[in-house]
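Position 476, counted from 1, in the sequence shown is what this note's numbering calls 599; the numbers after and before it change by one each time, with no gaps.
Every residue gets a Cβ at the ideal spot worked out from N, C-alpha and C, and that includes glycine.
As structure tokens, the structure follows; a few thoughts come after it.
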Amino acid sequence: MIAAHAAKTGKPPKKLAFSLWSVETMRHQGLLEAQALWAMGVEPVWDSGGRVIDVKLVPREMLKRPRVDVVLSATGLYRDHFPNAMKQLAKAVELAARASEADNPLYANSQAIAQRLIKQGVPEAAAKKAAETRIFSSESGKYGTGLDDAALATDTWKGKAEGDRKLASLYLSKMQFAYGTDEAAWGSKGIAGAEGKAANVNLYAEHLKGTEGAVLSRTSNLYGMLTTDDPFQYLGGIGAAVRHLDGKAPELYISNLRGSGAGKVEGADAFLAKELATRNFHPGYIKGLMAEGYAGTLQVLDSVNNFTGWTTVSREIVRDDQWQEFVDVYVRDKHQLGLKNWFEKNNPHALAQTMEKMLEMARQGYWKADAKTVAELKERYKELAKRHDVQTDNQAFKNFVAPGFGLAAMQPAASAPTRPQSAADLVSPPAAAPPPPRAIQGMLLEKVDNTPPPTPPLALFGGALVLLTTLAGGLATVRRQQRASA
Numbered sequence: 124m125i126a127a128h129a130a131k132t133g134k135p136p137k138k139l140a141f142s143l144w145s146v147e148t149m150r151h152q153g154l155l156e157a158q159a160l161w162a163m164g165v166e167p168v169w170d171s172g173g174r175v176i177d178v179k180l181v182p183r184e185m186l187k188r189p190r191v192d193v194v195l196s197a198t199g200l201y202r203d204h205f206p207n208a209m210k211q212l213a214k215a216v217e218l219a220a221r222a223s224e225a226d227n228p229l230y231a232n233s234q235a236i237a238q239r240l241i242k243q244g245v246p247e248a249a250a251k252k253a254a255e256t257r258i259f260s261s262e263s264g265k266y267g268t269g270l271d272d273a274a275l276a277t278d279t280w281k282g283k284a285e286g287d288r289k290l291a292s293l294y295l296s297k298m299q300f301a302y303g304t305d306e307a308a309w310g311s312k313g314i315a316g317a318e319g320k321a322a323n324v325n326l327y328a329e330h331l332k333g334t335e336g337a338v339l340s341r342t343s344n345l346y347g348m349l350t351t352d353d354p355f356q357y358l359g360g361i362g363a364a365v366r367h368l369d370g371k372a373p374e375l376y377i378s379n380l381r382g383s384g385a386g387k388v389e390g391a392d393a394f395l396a397k398e399l400a401t402r403n404f405h406p407g408y409i410k411g412l413m414a415e416g417y418a419g420t421l422q423v424l425d426s427v428n429n430f431t432g433w434t435t436v437s438r439e440i441v442r443d444d445q446w447q448e449f450v451d452v453y454v455r456d457k458h459q460l461g462l463k464n465w466f467e468k469n470n471p472h473a474l475a476q477t478m479e480k481m482l483e484m485a486r487q488g489y490w491k492a493d494a495k496t497v498a499e500l501k502e503r504y505k506e507l508a509k510r511h512d513v514q515t516d517n518q519a520f521k522n523f524v525a526p527g528f529g530l531a532a533m534q535p536a537a538s539a540p541t542r543p544q545s546a547a548d549l550v551s552p553p554a555a556a557p558p559p560p561r562a563i564q565g566m567l568l569e570k571v572d573n574t575p576p577p578t579p580p581l582a583l584f585g586g587a588l589v590l591l592t593t594l595a596g597g598l599a600t601v602r603r604q605q606r607a608s609a
């Protein structure tokens, strides 16, 4: 990890953020946690049965390099599933942060953060404890960052600057709950200020400042960068927050732990590009999606939605040509797979929504698309909207594809007057003729008369005949009984 960052930036990192996921840890059995520990210069202590029971500081002379400051961002599931690991990690941070070494960034950053908190009215003991806390997650009992929906709501901001601020602020507010060595204070948000009042400080933001790189592990070939929205929510969320705080986004890395053997660290940009080439843009993969019919169309839409998420939170790892390739592959069908008919047959709305995301990225300036491509996407979208009643609640997008969008565009143009206009018509035009009644389609509801129909004469005659027959039978029975008794 350190070598990869040095190769990319020219110097080793002083501060890294790690995104900890529950299921990832179940797969890699603690490899990402081991990276975080060794970056800080801390190692586990095992008992005779091979269980981790403690952590200890590695002396500087044995480490043979400066320690790296570490911020740990845990998902809600990780918080619930691995409190034991969080306890050990919290202690590891405390040990490293108290190591007074000339080149120890954990010690230097903790001292600086403590002083800033004290100046804001936080008591010294509370400030020191907060400055030595490096694990953050969502509030106890809650999950997610909020970016899954917010990053796609591109109509709620005007331009990238406003989008950056809103998305970063949302992420920091959702993930600011601290988990340090004091378990009684786990999940706390505010820092105790003077006179028992909470200081208005986002401690997570304080610790993220100066982060140079953020790391996410990938252990399964099934799940990549675009298969779910979680990667852009958590790793991308760190990138968005640091860009907002420092004015520059950190390098994003993937700790690639797929398969057997030694793992390796890759730039998130290269990892994403490889996934796009071997999956989303590969004709073999697309044929597999096509075989799944409706479900396959949803997978296309999900991938584009998640690529949109990456673009809005961490545009540094997304390229313009990748958006163009999405157009060429799925809208223009460059591989000649019959995608137009496939979408039409199974789910034309998925294609329309996919094109809406493409146009939104162009409208907001995230993708520098050429005018020809934008015009083509607009026409294709309007054509699908007209034939399949595609709806969107994004008013800014509606205005972008206008004129000729929506129900107004679907109405036939008004015909020319059939008679010459008189002078009176010029002053007071004749009233428009009422529109012809719409043809009723489907089932027609009509009132049903529940009055019972009159009984026909034949039915009355039949009823009388049945009654007479019954009476005659009864009379014959009585006579037989009288004869028998006599």
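Cβ pair M481, W433 closer than 8 Å: no
Continuous alpha helix (DSSP H) assignments of at least 4 residues falling wholly in the region 442-504: The region 442-504 contains these whole alpha helix (DSSP H) runs: 443-449, 462-469 and 471-486.
Y266 and L200 closer than 8 Å at C-beta: yes
Where D203 sits in the DSSP three-state scheme: helix
Sequence-distant residues of its chain with Cβ nearer than 7 Å to G416 (five each side left out): N469
Span separating the alpha-carbon of A273 from that of A291: 10 Å
Start and end residues, beta strand (DSSP E) containing S260: I258 to S260
G282 versus E499, D516, Y230 and W490, residue with shortest Cα-Cα distance: W490
Complete beta strand (DSSP E) runs within the region 355-433 (minimum length 3 residues, chain order): 374-379 and 387-390
Burial state of A562 (16 or more Cβ within 10 Å): The pLDDT assigned to A562 is 45, lower than 50, so where the model puts this residue is not dependable, and the model offers no usable value.
The region 237-252 contacting the region 202-209, beta-carbon criterion three pairs below 8 Å: no
Where P406 falls, given that 16 or more other Cβ within 10 Å makes a residue buried: exposed
Residue burial classification, I176 (beta-carbon count within 10 angstroms, cutoff 16): exposed
Distance, Y376 Cα to G390 Cα: One C-alpha to the other measures close to 5 Å.
Buried versus exposed, by CB contacts within 10 Å (16 or more), R341: buried
Residue span of the alpha helix (DSSP H) that contains G282, given as start and end: G282 to K297
Residue range of the unbroken alpha helix (DSSP H) whose run includes K251: E247 to A254
L240, enclosing alpha helix (DSSP H) - first and last residue: P228 to K242
Beta-carbon gap between L331 and A364 smaller than 8 Å: yes
Own chain partners of K387 with C-beta closer than 7 Å, once the 5 adjacent residues on each side are dropped: N379
Rounded C-alpha distance that separates G336 from I125: 10 Å
Cβ neighbour criterion (16 or more within 10 Å) applied to V168: exposed
Residue range of the unbroken alpha helix (DSSP H) whose run includes I125: I125 to T132
Cross-strand partners of A197 (DSSP beta bridge): L143
Alpha carbon of D512 to alpha carbon of A494, nearest angstrom: 26 Å
Distance, E398 Cα to G347 Cα: 7 Å
Nearest candidate by alpha-carbon position, reference L500, set D516, R510, A519 and Q476: Q476
Three-pair Cβ contact test at 8 Å for the region 210-230 versus the region 297-307: yes
Spatial neighbours of Q422 in its chain, beta-carbon cut-off 8 Å, leaving aside the 5 residues before and after: Excluding residues within five positions, the ones whose Cβ falls inside 8 Å are L412 and E415.
Option nearest T148 by Cα separation, candidates V191, A396 and A208: Comparing alpha carbon positions, the residue from V191, A396 and A208 closest to T148 is A208.
C-beta neighbour in chain D for N323, strict 8 Å: Looking at the structure shown, chain D is missing, and only one protein chain is on hand.
8 Å CB neighbourhood of L460 in its chain, flanking five on each side removed: P406, I409, K410 and M413
First through last residue of the alpha helix (DSSP H) which encompasses L345: Run containing L345: none; DSSP gives neither H nor E here.
Extent of the continuous alpha helix (DSSP H) to which V524 belongs: Q518 to V524
Same chain only: Cβ atoms within 8 Å of G286, ignoring 5 sequence neighbours per side: T277, W280, T435 and Q487
Rounded distance between the beta-carbons of V181 and Q211, thought under 8 Å: Going by Cβ atoms, the distance from Q211 to V181 rounds to 15 Å, so no, they are not a contact pair.
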